[in-house]
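*Asks:* 140 is the number of the first residue of the sequence shown in my numbering; add one for each residue after it. For glycine and all other residues, C-beta sits at the position ideal for the given N, C-alpha and C. Just passing along the structure, written as structure tokens.
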Amino acid sequence: ESERMQFVLRREEQEAERKRIEAKGISDFQNIVSEGINEQLLRWKGIEATEKLAQSQNTKMVVIGSGKDGLPIILGGNN
């Protein structure tokens with residue numbers, strides 16, 4: 140029983156270390172990506188999305204004006 144408990148504890152410690160490594164990788168990724176994102180990029184991506192919606196033969200939404208962040212307001216996308 141004691142050996143079994145030690146095995147379980149070692150396994151859980153290894154899993155905790157794996158999760159710490161994964162979290163560090165996610166954090167590093169987010170820091171790298173956030174450096175390249177700015178308001179102009181987000182506005183451009185919003186324009187690209189609007190163009191794609193306008194070109195679609197099967198659009199079921201209406202895109203109007205811009206919201207507080209300068210991105211389009213999309214109506215009817217909850218179907």
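1) Could you tell me the alpha carbon to alpha carbon distance between R143 and I171, rounded to whole angstroms?
2) Rounded to the nearest angstrom, what separates S166 and E174 at their Cα positions?
3) Helix, strand or coil: which one does DSSP assign to N177?
*Replies:* So, to answer that:
1) Answer to the nearest angstrom: the Cα atoms are 42 Å apart.
2) Rounded to whole angstroms, S166 to E174 spans 13 Å at the Cα level.
3) DSSP places N177 in coil when its eight states are reduced to three.
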